[in-house]
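**Student:** Residue numbers (my numbering): 256 to 579.
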């Protein structure tokens, strides 16, 4: 098993030393009992599935997607198909040449350099060669990749910008969730938020990840009292149209009980990194998906929008939302 594969097992809490979760730096002593839950043997091929993909860029080394919501990056315990990897497998077989890198094959995640949560949309890069994978992976590890997100949160955020610095780790009681941890299980997690627009009861934020912990943005925003709209894992609420759009404004006859935001309003709007082979700096911007764009349009139309100017914000909201 490769060092990378072993590191993944430790990160996913699949390894214990004397019944406790170790760190990668833990030194073993004579008599220590090490137990590991190993992944299933790798299959020679990920089943290809004809799942539509929005491709922002592709060359011989990598592919950048505008990931749609409600799809996970790679097969996992609870979901063996219907993933980005399955979709890419089909694409490379039927539409374009090449394939995914072999890095990560032992975990059924070939080519996956980083992940977005199932219901988070936006810019995501996958590697087509092993060299590209390793070099991209080092950039994420060294934190030289610039990742910008847009999120719509509950409440009016008063500060125009701030740094949230709260360590995160697995939730001590709930299996699939994470939480702020001030004990040895907590890992450094830092997020910068900048207000882009305020509305009556909501705020549009641009977020910059300085670290890349699981559920980081979602937990950090919940911890400061402004959970992401639609994120019922971490305190947000799914909204019907009537929560924002007055009934008198429903010209198309849509029900006021119809969902306006049925998933977390979080979108990876911009991804910037050095091309792993060419070496030049590349920027990829992902337009908002229809649901978040419609929510943003409704807020602008009915909730007294108040834009905030800042020299440090770089996401073009109008381009992302399809506006002029």
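Backbone N, C-alpha and C define an ideal beta-carbon position, used for all residues, glycine too.
Could you spell out where the alpha helix (DSSP H) holding residue 341 opens and where it closes?
**Tutor:** As a position in the chain shown, residue 341 is number 86, starting the count at 1. Unbroken alpha helix (DSSP H) run through residue 341: 339-349.
**Student:** Return the first residue and the last residue of the beta strand (DSSP E) that residue 481 is part of.
**Tutor:** If you number the chain shown from 1, residue 481 lands on position 226. Premise fails: residue 481 is in no beta strand (DSSP E) and is neither H nor E.
**Student:** If residue 397 sits next to residue 527, beta carbons under 8 Å apart, how far is it from one beta carbon to the other, in whole angstroms?
**Tutor:** Here the question's residue 397 lines up with position 142 in the chain shown. Here the question's residue 527 lines up with position 272 in the chain shown. The Cβ separation is near 14 Å, so there is no contact.
**Student:** From what residue to what residue does the alpha helix (DSSP H) around residue 279 run?
**Tutor:** One-based indexing of the chain shown puts residue 279 at position 24. Neither: residue 279 is in no alpha helix (DSSP H) and is coded neither H nor E.
**Student:** Check the C-beta distance from residue 381 over to residue 306 and give it rounded, since I have them as a contact under 8 Å.
**Tutor:** For this step, residue 381 is matched to residue 126 along the chain shown. For this step, residue 306 is matched to residue 51 along the chain shown. Contact doesn't hold; Cβ gap of about 14 Å is too wide.
**Student:** At 3 residues or longer, what runs of the beta strand (DSSP E) sit wholly inside the stretch 483-537?
**Tutor:** 514-516, 521-529
**Student:** Let me know the secondary structure DSSP gives residue 311 once reduced to three states.
**Tutor:** To locate residue 311, count along the chain shown from 1; it is residue 56. Residue 311: strand per DSSP, three-state reduction.
**Student:** Is it buried or exposed for residue 337, if we count other Cβ within 10 angstroms and need 16 for buried?
**Tutor:** Mapped onto the chain shown, residue 337 falls at position 82. Counting Cβ neighbours within 10 Å, residue 337 comes out exposed, since fewer than 16 surround it.
**Student:** How is the beta strand (DSSP E) around residue 550 delimited, first residue to last?
**Tutor:** Your numbering for residue 550 matches position 295 in the chain shown. Segment 545-557 is the alpha helix (DSSP H) holding residue 550; no beta strand (DSSP E) there.
**Student:** I need the boundaries of the beta strand (DSSP E) containing residue 390, first residue and last residue.
**Tutor:** Within the chain shown, numbered from 1, the residue matching residue 390 stands at position 135. Taken as a continuous stretch (DSSP letters only), residue 390 belongs to no beta strand (DSSP E), being part of the alpha helix (DSSP H) at 385-397.
**Student:** Using only alpha-carbon positions, find the residue among 327, 448, 391 that is nearest to residue 535.
**Tutor:** As a first step, residue 535 must be located in the chain shown, where it is residue number 280. It is 391.
**Student:** Does any residue of chain D bring its CB to less than 8 Å from the CB of residue 528?
**Tutor:** Chain labels in this structure do not include chain D; a single protein chain is all it has.
**Student:** Tell me the DSSP bridge mates of residue 408?
**Tutor:** Here residue 408 is taken as the residue at index 153 of the chain shown, counted from 1. DSSP output for residue 408 lists 458, 483 as bridge partner(s).
**Student:** Looking only at its own chain, which residues have a Cβ that is under 8 Å from the Cβ of residue 574, when we skip the five neighbours before and after it?
**Tutor:** Translated into positions along the chain shown, residue 574 becomes position 319. Here the set comprises 540, 542.
**Student:** So, helix, strand or coil for residue 466, using DSSP?
**Tutor:** For this step, residue 466 is matched to residue 211 along the chain shown. Coil.
**Student:** Have a look at residue 366 and residue 501 and give me their C-alpha separation to the nearest angstrom.
**Tutor:** Against the chain shown, residue 366 aligns to sequence position 111. Against the chain shown, residue 501 aligns to sequence position 246. CA-CA distance, residue 366 to residue 501, rounds to 46 Å.
**Student:** Would you mind sorting residue 383 into buried or exposed? The rule is 16 or more other CB atoms within 10 Å of its CB.
**Tutor:** As a working note, residue 383 is residue 128 in the chain shown. Label assigned to residue 383: buried.
**Student:** What span of residues does the beta strand (DSSP E) with residue 318 cover, start to end?
**Tutor:** Walking along the chain shown from the start, residue 318 turns up at place 63. That run of the beta strand (DSSP E) goes 317-322.
**Student:** If we count the other Cβ atoms within 10 Å of its Cβ and call it buried at 16 or more, is residue 273 buried or exposed?
**Tutor:** Within the chain shown, numbered from 1, the residue matching residue 273 stands at position 18. Residue 273 comes out exposed.
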